[in-house]
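**Q** For the sequence shown, the positions run 1 to 313 when UniProt numbering is used. Positions of the beta carbon are idealized from the N, C-alpha and C atoms, including for glycine.
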Amino acid sequence: MNWLLLPKFTEEYSKGAQDFVLNGFANFAVLHPSKCVDNIHYEYNAANFDLTKKEKENFCSVLKNARLPYGSASNISCRCMHMDERKVFGYKSHDAHFILQYLLQFSVIKTLKPEVAIPLIRLGAFFRGICGKVINLEDVHKLQEEIIEILCELETIFPPSFFDIMVHLPLHLCKEVEFGGPVHLRWMFGIERYLCKLKSYVRNKSKPEGSMAEGYLAEECLTFCSRFLSDEVQRKEEERKFNVSYSIGSRRNKDGKPVDLADKVWTDAHRYILFNCGNMEIEKLIEEHRTMNDNGKSMRGLNEQRRSILVTW
Numbered sequence: 001m002n003w004l005l006l007p008k009f010t011e012e013y014s015k016g017a018q019d020f021v022l023n024g025f026a027n028f029a030v031l032h033p034s035k036c037v038d039n040i041h042y043e044y045n046a047a048n049f050d051l052t053k054k055e056k057e058n059f060c061s062v063l064k065n066a067r068l069p070y071g072s073a074s075n076i077s078c079r080c081m082h083m084d085e086r087k088v089f090g091y092k093s094h095d096a097h098f099i100l101q102y103l104l105q106f107s108v109i110k111t112l113k114p115e116v117a118i119p120l121i122r123l124g125a126f127f128r129g130i131c132g133k134v135i136n137l138e139d140v141h142k143l144q145e146e147i148i149e150i151l152c153e154l155e156t157i158f159p160p161s162f163f164d165i166m167v168h169l170p171l172h173l174c175k176e177v178e179f180g181g182p183v184h185l186r187w188m189f190g191i192e193r194y195l196c197k198l199k200s201y202v203r204n205k206s207k208p209e210g211s212m213a214e215g216y217l218a219e220e221c222l223t224f225c226s227r228f229l230s231d232e233v234q235r236k237e238e239e240r241k242f243n244v245s246y247s248i249g250s251r252r253n254k255d256g257k258p259v260d261l262a263d264k265v266w267t268d269a270h271r272y273i274l275f276n277c278g279n280m281e282i283e284k285l286i287e288e289h290r291t292m293n294d295n296g297k298s299m300r301g302l303n304e305q306r307r308s309i310l311v312t313w
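1. Indicate the three-state DSSP secondary structure (helix, strand or coil) for K87 in the structure shown.
2. So if DSSP puts H82 in a beta bridge, which residue, or which two residues, is it bridged to?
3. In three-state terms, what does DSSP make of K142?
4. Need the endpoints of the alpha helix (DSSP H) that D95 sits in, please.
5. Take every Cβ of the region 67-84, pair it with every Cβ of the region 178-185, and state whether three or more of those distances are shorter than 8 Å.
6. If I'm right that F126 touches P170 with Cβ under 8 Å, what's the distance once you round it to whole angstroms?
7. Grab me the residues of L123's own chain with a C-beta within less than 6 Å of its C-beta, minus the 5 sequence neighbours each way, in chain order.
8. In the DSSP assignment, find the unbroken alpha helix (DSSP H) run with I199 in it and report its ends.
9. Please list, in chain order, all residues of the same chain as R306 whose beta carbon is under 6 Å from its beta carbon, the five residues on each side excluded.
10. If you measure between the beta carbons of M212 and Y194, is that distance less than 7 Å?
11. Quick check on I148: buried or exposed, where buried means 16 or more other Cβ atoms within 10 Å of its Cβ?
12. Short check: CB of A96 to CB of V108, under 7 Å?
13. In three-state DSSP terms, what is Y272?
14. On the premise that E178 lies in contact with L137, defined as a C-beta separation below 8 Å, what is that separation, rounded to the nearest angstrom?
15. Which residue from E115, R79, H82 and R128 puts its Cα closest to that of L103?
16. On a CA-only basis, which of S161, N48 and C221 is nearest T111? Give me that one, please.
17. Return the chain-ordered list of same chain residues with a C-beta closer than 8 Å to the C-beta of Y91, the five sequence neighbours on each side being excluded.
18. State the DSSP-derived secondary structure class of A66, mapped to helix, strand or coil.
19. Please state whether DSSP places D260 in a helix, a strand or coil.
20. On the criterion of 16 or more Cβ atoms from any shown chain inside 10 Å, does C60 qualify as buried, or is it exposed?
21. Any idea what DSSP makes of R186, helix, strand or coil?
22. Do you know how far the Cα of F189 is from the Cα of L198?
23. What separation, rounded to the nearest whole angstrom, lies between the Cα atoms of E219 and Q105?
24. Considering only heavy atoms of the ligand NAP, does any lie closer than 6 Å to the CB of V88?
25. Looking at K54 and R86, is the spacing between their C-beta atoms short of 7 Å?
26. DSSP three-state label for P159, please.
27. Only counting the same chain, and skipping five residues up and downstream in sequence, which positions put a Cβ closer than 8 Å to that of C174?
28. Is the CB of E220 under 7 Å away from at least one CB in chain C?
29. Taking only three categories from DSSP, how would you classify S247?
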């Protein structure tokens, strides 16, 4: 994102363009500067990934107007977006990970040329693939071939200064998944988030351990009181529909009444779980059904037929 939103034709930009001529980069002949009539100043051409002010505003507005599920990422739209400067900064590593996976594709699809946007969209799809909760070795091998093609395409778009060690790191992520298993069981985002929470407990910097212990104990006490004294204590979080509080050990669980689900509700719940469980046997049955009934029907028609027939197989 920094490369896309950087101001062009600065001193660093001009030095980088002149390096293309000195080092003989024929792939970036479009970016080679040409001398003006006075033989003193240089004229620089725009690169494929350059954005105008209007395109930068459109790019940033997608991230600014994004409404994310509670707890999925930090407040990117308010804390990281600076529309007056048309820049994105102040985001954490998890925010960058979330933007690359889910938001970047919507920002670049309308602002960049297809030859630049498609590799970036494929890069986001690659990270979504290796970060899945259920992943097969065959998919890992396909992703390994995919990332090689993506990086080769990026090398034809961005200058050599773009390719530091972090850009080449995705080449080794597939091997890491193959040896270590799913990524979400080993990454540090959850631990870093909890460490940030412990850091917020520190009020006396000379004794951080004691401050963390007292802050943790105070929060546990408040959580206990908020659960068991909900009739007397009003919390701001109770107004939110996505917050769920449980009355553990109270009499409310004992007075519960059984609920009989209607046939349609039970069937919808059963099929939702069946088609979204990620089981390989179910996926093979779905693929077999698609192959047997692929007689010109639309995808919607196949899905409706699968919902009504596949359960009886």
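**A** With the structure as the only source:
1. strand
2. K87
3. In the structure shown, K142 sits in a helix (DSSP, three-state: H, G or I).
4. S93 to F98
5. no
6. 7 Å
7. I150
8. At residue 199 the sequence reads Lys, which differs from the Ile that was named. Counting along the chain, the alpha helix (DSSP H) containing K199 begins and ends at F189 to S200.
9. H289
10. No, the Cβ-Cβ distance between M212 and Y194 is not below 7 Å.
11. exposed
12. no
13. helix
14. 7 Å
15. R128
16. Comparing Cα positions, the closest option is N48.
17. For Y91, same chain residues with a beta-carbon under 8 Å away, outside a window of 5 residues either side, are S74, I76, R79, C80 and I99 in chain order.
18. coil
19. coil
20. buried
21. coil
22. 14 Å
23. 39 Å
24. With respect to small molecules bound, the structure shown includes none, and the ligand NAP cannot be examined in it.
25. no
26. coil
27. Contacts found: I130, V140, H141, L143, Q144 and I147.
28. You won't find chain C in this structure, because it holds only one protein chain.
29. Here the model assigns S247 a pLDDT of 47, short of 50, so the residue's position is not dependable, and the following value carries that caveat. In the structure shown, S247 sits in coil (DSSP, three-state: anything other than H, G, I, E or B).
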